[in-house]
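J.: So the sequence shown is numbered by the numbering used here: it starts at 4 and just counts up by one. For glycine and all other residues, C-beta sits at the position ideal for the given N, C-alpha and C. Since the model is a prediction, treat every value here as computed from it, not as a measurement.
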Amino acid sequence: MNYTCFEIVSASDAQLLITLWLYYITKMVITSEITFTGVRMLDGVVNDAVEAKALGLNPEHIDIYSASWGPEDDGKTVDGPGPLARRAFIYGVTSGRKGKGSIFVWASGNGGRHIDSCNCDGYTNSIFTLSISSATQGGSGTPGHDKSVATVDMDARLRPDHICTVEHTGTSASAPLAAGICALALEANPTLTWRDMQYLVVLTSRSTPLEKENGWITNGVKRKISHKFGYGLMDAAAMVNLAELWTTVPPQHICKSQELLEDKEIPFDYRASLDFYMDVNACANTLNEVRFLEHVQCKISLRFFPRGNLRIILTSPMGTSSTILFERPRDVISSNFDDWPFLSVHFWGEKAEGRWHLQIINAGVRHVSQIGVLKKWQLIFYECSSTLATTYSSGTPGHDKSVATVDMDARLRPDHICTIEHTGTSASAPLAAGICALALEANPTLTWRDMQYLVVLTSRSTPLEKENGWITNGVKRKISHKFGYGLMDAAAMVNLAELWTTVPPQHICKSQELLEDKEIPFDYRASLDFYMDVTACVNTLNEVRFLEHVQCKICLKFFPRGNLRIILTSPMGTSSTILFERPRDVISSNFDDWPFLSVHFWGEKAEGRWHLQIINAGVRHVSQIGVLKKWQLIFYGMSYFCKIINPQ
Numbered sequence: 004m005n006y007t008c009f010e011i012v013s014a015s016d017a018q019l020l021i022t023l024w025l026y027y028i029t030k031m032v033i034t035s036e037i038t039f040t041g042v043r044m045l046d047g048v049v050n051d052a053v054e055a056k057a058l059g060l061n062p063e064h065i066d067i068y069s070a071s072w073g074p075e076d077d078g079k080t081v082d083g084p085g086p087l088a089r090r091a092f093i094y095g096v097t098s099g100r101k102g103k104g105s106i107f108v109w110a111s112g113n114g115g116r117h118i119d120s121c122n123c124d125g126y127t128n129s130i131f132t133l134s135i136s137s138a139t140q141g142g143s144g145t146p147g148h149d150k151s152v153a154t155v156d157m158d159a160r161l162r163p164d165h166i167c168t169v170e171h172t173g174t175s176a177s178a179p180l181a182a183g184i185c186a187l188a189l190e191a192n193p194t195l196t197w198r199d200m201q202y203l204v205v206l207t208s209r210s211t212p213l214e215k216e217n218g219w220i221t222n223g224v225k226r227k228i229s230h231k232f233g234y235g236l237m238d239a240a241a242m243v244n245l246a247e248l249w250t251t252v253p254p255q256h257i258c259k260s261q262e263l264l265e266d267k268e269i270p271f272d273y274r275a276s277l278d279f280y281m282d283v284n285a286c287a288n289t290l291n292e293v294r295f296l297e298h299v300q301c302k303i304s305l306r307f308f309p310r311g312n313l314r315i316i317l318t319s320p321m322g323t324s325s326t327i328l329f330e331r332p333r334d335v336i337s338s339n340f341d342d343w344p345f346l347s348v349h350f351w352g353e354k355a356e357g358r359w360h361l362q363i364i365n366a367g368v369r370h371v372s373q374i375g376v377l378k379k380w381q382l383i384f385y386e387c388s389s390t391l392a393t394t395y396s397s398g399t400p401g402h403d404k405s406v407a408t409v410d411m412d413a414r415l416r417p418d419h420i421c422t423i424e425h426t427g428t429s430a431s432a433p434l435a436a437g438i439c440a441l442a443l444e445a446n447p448t449l450t451w452r453d454m455q456y457l458v459v460l461t462s463r464s465t466p467l468e469k470e471n472g473w474i475t476n477g478v479k480r481k482i483s484h485k486f487g488y489g490l491m492d493a494a495a496m497v498n499l500a501e502l503w504t505t506v507p508p509q510h511i512c513k514s515q516e517l518l519e520d521k522e523i524p525f526d527y528r529a530s531l532d533f534y535m536d537v538t539a540c541v542n543t544l545n546e547v548r549f550l551e552h553v554q555c556k557i558c559l560k561f562f563p564r565g566n567l568r569i570i571l572t573s574p575m576g577t578s579s580t581i582l583f584e585r586p587r588d589v590i591s592s593n594f595d596d597w598p599f600l601s602v603h604f605w606g607e608k609a610e611g612r613w614h615l616q617i618i619n620a621g622v623r624h625v626s627q628i629g630v631l632k633k634w635q636l637i638f639y640g641m642s643y644f645c646k647i648i649n650p651q
């Protein structure tokens with residue numbers, strides 16, 4: 004490989020730039036906190052082993068690697084790291100910084116003067132590197148920098164008379180400045196991973212100062228993106244502020260599509276194009292499922308001469324088009340791309356599932372004498388696997404009706420990465436766990452039952468009461484089959500936790516088991532009523548006077564089972580539907596000692612007459628009479644009501 008040292012690659016230049024930049028934006032000397040090391044590698048024989056040694060130097064002690072070198076920016080070279088260097092990258096992001104991952108900041112190159120593309124540089128188009136472009140002080144592209152689909156750019160605010168920086172421009176200057184900003188973010192939050200850093204760049208970069216330049220588009224999640232400037236100017240203050248609040252992203256998933264063996268001819272007429280489509284399920288329902296994209300690689304094998312005539316465009320299911328290869332007029336040496344991984348970050352935050360469109364265009368002006376061939380192509384998706392949010396999420400229509408206390412308030416911005424479509428109870432559960440963690444932090448003595456009391460007593464029904472189905476139970480608490488006791492309130496839970504006194508021991512009282520063997524009629528809307536007089540184990544060690552959970556264990560046979568609705572009513576008049584119709588439940592006809600649960604009676608008395616009602620409420624045809632074999636009630640609660648708030 005021939006190496007290009009983009010502009011000046013002196014380690015002293017890079018160190019000076021970082022120091023001056025950090026001083027400029029912080030107005031204080033901070034180099035006591037951030038130290039610099041120069042790695043000598045370009046003044047002798049350079050090969051794969053030398054690169055690997057440089058990239059893997061002391062990954063436990065070096066947080067950020069800033070590099071301003073790579074393959075020739077001559078507009079005709081297609082080259083990247085060898086196997087040892089690739090291994091060094093992988094080791095860095097998986098094991099560096101004690102597993103949080105080394106941060107590799109890479110200059111995208113200054114090959115624009117030769118109409119080059121950074122997607123032909125295997126270093127800048129690696130998912131492991133932050134590829135840095137550059138802009139002038141006036142907010143335009145610097146002459147000669149590569150068009151790049153990678154993030155991102157720098158604001159040019161250094162004083163023009165700073166020694167050693169007057170002529171040190173281009174992406175070689177931008178990369179160390181970007182590294183300095185990353186260092187500030189790491190100082191604000193040392194737990195950031197290599198992927199966290201890329202998220203911070205995407206989420207905080209500013210397109211506005213550069214939008215007078217052409218080429219900006221809006222992707223499927225409403226983010227401005229440019230082939231020239233990525234997501235915009237890096238914003239040091241915004242990155243540091245967001246870093247302080249950041250929670251590490253979930254583990255990365257990698258989903259590989261099928262490899263399509265096309266062997267299709269690429270026409271040689273000027274402006275002729277060839278279109279290919281791939282329907283992707285994003286590895287749904289597997290361990291590699293991808294829902295929220297980060298990087299997308301399109302691996303292509305083709306033959307076309309001259310190769311530099313080609314323009315290749317990849318379009319996502321959400322309609323975002325990313326030019327993953329521009330024409331390179333000087334690329335007349337070779338005719339092949341052999342499994343070359345073209346990279347795009349333009350789809351960051353979009354969904355992967357759906358139809359992808361690959362378009363290959365003979366857009367160059369050089370004469371083509373023969374038809375080319377697309378041999379095969381494949382898409383590789385990299386993503387975050389679940390929600391990034393740590394506060395509130397939105398409920399979704401269609402989630403299971405549940406008598407448990409459940410849902411979350413919808414306050415996230417709609418464009419937050421990884422939460423655009425990650426809603427419903429899958430998102431609510433980890434958020435509820437986070438609120439419980441706050442309560443435990445406020446009062447580590449809380450028991451599991453204390454936590455349930457806190458949820459019941461502090462949840463807020465008011466924001467959800469425009470929805471139908473709310474009732475008031477026997478102790479004047481609002482309750483819903485859809486929303487339980489309402490929205491969890493983190494502040495109220497923490498405040499109550501601080502004052503909380505542990506509840507008395509739990510009592511469990513089991514009623515007699517009633518052997519009914521009663522027929523359940525098969526007429527539509529026909530119902531069967533059963534009653535049970537309960538003493539609540541009075542005057543025994545298991546006496547229950549103040550209810551928490553109630554289980555109704557039922558044995559019955561009815562086909563189709565999904566037609567049934569079952570309602571349990573307490574002595575205080577609260578009716579809880581413990582089973583709704585399930586139209587798709589046509590497989591089995593039995594419930595065998597199944598424990599239906601309700602928390603709708605929380606705080607009520609157990610003693611008195613309970614009413615069980617079984618209704619054939621579904622629309623499916625029933626051809627035979629069903630049977631309720633037996634049922635039993637199990638009460639969980641306390642034998643006396645105590646003062647559960649610490650009087651202090």
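Hey, glutamate 662 and asparagine 192 are a contact pair by Cβ (cut 8 Å); roughly how many whole angstroms apart?
T.: Given a span of 4 to 651 for the chain in the structure shown, any question on residue 662 remains unanswerable.
J.: Would you mind sorting serine 642 into buried or exposed? The rule is 16 or more other CB atoms within 10 Å of its CB.
T.: buried
J.: Determine the extent of the beta strand (DSSP E) in which threonine 572 is found, giving its start and end residues.
T.: 567 to 572
J.: Which class does glutamine 455 belong to by DSSP, given the choice of helix, strand or coil?
T.: helix
J.: Can you tell me the Cβ-Cβ gap for phenylalanine 307 and serine 325, rounded? I've got them flagged as a contact below 8 Å.
T.: Not a contact, Cβ separation roughly 20 Å.
J.: Under 8 Å from any heavy atom of the ligand FAD, does the C-beta of methionine 496 make it?
T.: The ligand content of the structure shown is nil, which means the ligand FAD is not present either.
J.: From which residue to which residue does the beta strand (DSSP E) around tyrosine 639 run?
T.: 629 to 641
J.: Does the Cβ of tyrosine 534 have 16 or more other Cβ atoms within 10 Å, making it buried, or fewer, making it exposed?
T.: exposed
J.: For a test of the three-state rule: what should DSSP assign to glutamine 201, helix, strand or coil?
T.: helix
J.: Inspect the beta-carbon positions of valine 589 and arginine 564 and report whether they are closer than 9 Å.
T.: yes
J.: For threonine 257 and phenylalanine 486, I'd like the C-alpha separation in whole angstroms.
T.: The amino acid occupying residue 257 in the given sequence is isoleucine; threonine does not appear at that position. Cα to Cα, the separation comes out at about 35 Å.
J.: Got a sec? Which residues, its chain only, sit under 6 Å from serine 229 by beta carbon, not counting five neighbours each side?
T.: Only residues of its own chain outside the window of five on either side were considered, and among them Gly218 and Trp219 have a CB closer than 6 Å to the CB of serine 229, listed in chain order.
J.: Compute the Euclidean distance between the alpha carbons of asparagine 365 and arginine 331, then round it to the nearest angstrom.
T.: Taking the straight line from one Cα to the other gives about 11 Å.
J.: For the alpha helix (DSSP H) containing threonine 580, list its first residue and its last residue.
T.: Careful: threonine 580 lies outside any alpha helix (DSSP H), inside the beta strand (DSSP E) at 578 to 582.
J.: Should threonine 127 be labelled buried (16 or more other beta-carbon atoms within 10 Å of its own) or exposed?
T.: The Cβ neighbour count for threonine 127, taken over all protein chains shown within 10 Å, is at least 16; the residue is labelled buried.
J.: How many angstroms separate the CA atom of glycine 352 from the CA atom of phenylalanine 384?
T.: Cα-Cα distance, rounded: 12 Å.
J.: Going by alpha carbons, who is nearest to proline 320 out of Met454, Cys301, Val283 and Lys302?
T.: Checking every option, the nearest Cα to that of proline 320 belongs to Val283.
J.: Give, in chain order, every unbroken run of the beta strand (DSSP E) that is at least 3 residues long and sits entirely within the region 206 to 259.
T.: 255 to 259
J.: Quick check on DSSP: helix, strand or coil for tyrosine 94?
T.: helix
J.: Report the option in Leu517, Leu434 and Asp334 whose CA atom is closest to the CA atom of aspartate 119.
T.: Asp334
J.: Output the boundary residues of the alpha helix (DSSP H) element that contains lysine 56.
T.: 51 to 58
J.: Grouping DSSP H, G and I as helix and E and B as strand, with all else coil, what is serine 304?
T.: strand
J.: State the start and end residues of the unbroken beta strand (DSSP E) segment that holds methionine 535.
T.: 530 to 537
J.: Taking the alpha carbon of phenylalanine 329 as the reference point, which residue from Lys79, His614 and Ile618 has its own alpha carbon closest?
T.: Lys79
J.: So for proline 598, helix, strand or coil by DSSP?
T.: strand
J.: With respect to the alpha helix (DSSP H) encompassing leucine 544, which residues constitute its N-terminal and C-terminal limits?
T.: From DSSP, leucine 544 is part of no alpha helix (DSSP H); its letter is neither H nor E.
J.: Apply the 10 Å Cβ neighbour rule to histidine 64 and answer buried if 16 or more other Cβ atoms are within range, or exposed otherwise.
T.: Histidine 64 is exposed by the Cβ-count criterion.
J.: Measuring CA to CA, which of Gln616, Ala186 and Ser136 is closest to leucine 571?
T.: Gln616
J.: Which of the three DSSP states, helix, strand or coil, is assigned to lysine 103?
T.: coil
J.: Between which residues of its own chain and lysine 101 is the CB-CB distance below 7 Å, once the five residues before and five after are set aside?
T.: Glu63
J.: Give the C-beta separation of alanine 182 and valine 108 to the nearest angstrom, bearing in mind that I take them to be a contact with Cβ-Cβ under 8 Å.
T.: 4 Å
J.: On a Cα-Cα basis, can you pick out the residue from Asp342, Val348 and Leu567 that is closest to isoleucine 327?
T.: Val348
J.: From this set, Asn339, Glu584 and Thr543, which residue's C-alpha is nearest tyrosine 527's C-alpha?
T.: Ranking the options by Cα distance to tyrosine 527, first place goes to Glu584.
J.: What is the rounded straight-line gap between the Cα of serine 304 and the Cα of threonine 580?
T.: 60 Å
J.: Which same chain residues, not among the five before or five after serine 405, have their C-beta less than 6 Å away from its C-beta?
T.: No answer about serine 405 holds up, because its pLDDT of 30 lies below 50 and its placement is not dependable.
J.: For the structure I just gave you, are there three or more beta carbon pairs, one from the region 368 to 384 and one from the region 253 to 269, closer than 8 Å?
T.: yes
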